[in-house]
Amino acid sequence: MGKPKVYVVIHSVWGHIKSLADAIVEGLEAQGVEATLWRVPETLPKEVLEKMWAKSFDDIPVIKAEDLTNADGFIFGFGTRYGAASAQMKAFWDTTGGLWAKGALVGKYGACFTSSGTQHGGQETTIASFLSHYVHHGIVFVPLGYTTPLLNDNSELIGGGPWGAATISGGDGSRQVSDKEKQIAKHQGEHFAKILKKAHHE
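Residue numbering for the sequence shown follows the numbering used here, starting at 2 and increasing by one per position.
Here is the structure:
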């Protein structure tokens, strides 16, 4: 049996989710897991994205629903929209009906991470509401838990929690991902990899 394969799949507007994803990939690879970064298709027209000052991530391949069958696990990252995942992420999962009908994702492992504009912007509810996708597909959710002491750090503003890593972007995207938030994200990658390797009896 080869290395477990994990896909990190994101939708990022200003780059905050991308920064967390890079740290998660680093953590996965540190544990000897094969990690690949993907993005879901963008649904907004270019002119709208330009007005939002959205960054371009053309260097990241766009995932298709059937690609999920090639991974042992996946970690999805998305911004919060009123306490739920972005429309782009929801639109992608709406294309997985064929996989659901065949039970193609049953038994695979999944986790999540997110970003919100403010400290109280709904990070936990965003991930919690997203889990219905995993549940209906029979995907095993791997929470971060309190497996890193950084989640008990109250010395500064830090995104993330037992549901998964997170960051706080500020309403205009001006706040960048902090070092501690990157450390939490890297730890999430390491933690997920360890759980997946146990399942593969490594």
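For every residue, glycine included, the Cβ atom is placed at its ideal position computed from N, Cα and C.
With 16 as the cutoff for other CB atoms within 10 Å, does residue i come out buried or exposed?
i	result
residue 182	buried
residue 156	exposed
residue 191	buried
residue 102	exposed
residue 104	exposed
residue 154	exposed
residue 90	buried
residue 83	exposed
residue 120	exposed
Below 9 Å between beta carbons: does that hold for residue i and residue j?
i	j	result
residue 206	residue 131	In this structure the chain extends from 2 to 203, so residue 206 is not present and cannot be described.
residue 151	residue 163	no
residue 97	residue 134	yes
residue 31	residue 8	no
residue 194	residue 28	yes
residue 201	residue 145	no
residue 61	residue 94	no
residue 196	residue 179	no
residue 41	residue 25	no
residue 167	residue 21	yes
My output table needs one value for residue i: the three-state DSSP class, helix, strand or coil.
i	result
residue 63	strand
residue 91	helix
residue 9	strand
residue 157	coil
residue 193	helix
residue 18	helix
residue 101	helix
residue 165	strand
residue 208	In the structure as shown, the chain begins at 2 and stops at 203. Residue 208 is therefore absent and cannot be evaluated.
residue 57	coil
residue 118	coil
residue 1	In the structure as shown, the chain starts at 2 and stops at 203, and residue 1 therefore has no counterpart that could be examined.
residue 172	coil
residue 4	coil
Name the one or two DSSP bridge partners that residue i has.
i	result
residue 110	74 and 141
residue 38	9
residue 86	81
Taking 8 Å as the line, does the beta carbon of residue i fall inside it for any heavy atom of the ligand SAH?
i	result
residue 124	What this structure holds is no ligand at all, so the ligand SAH is not there to describe.
Would you check if there are 3 or more beta carbon pairs closer than 8 Å linking the region 112–123 to the region 67–85? Per the Cβ contact rule, the region 112–123 is in contact with the region 67–85 (3 or more Cβ pairs under 8 Å).
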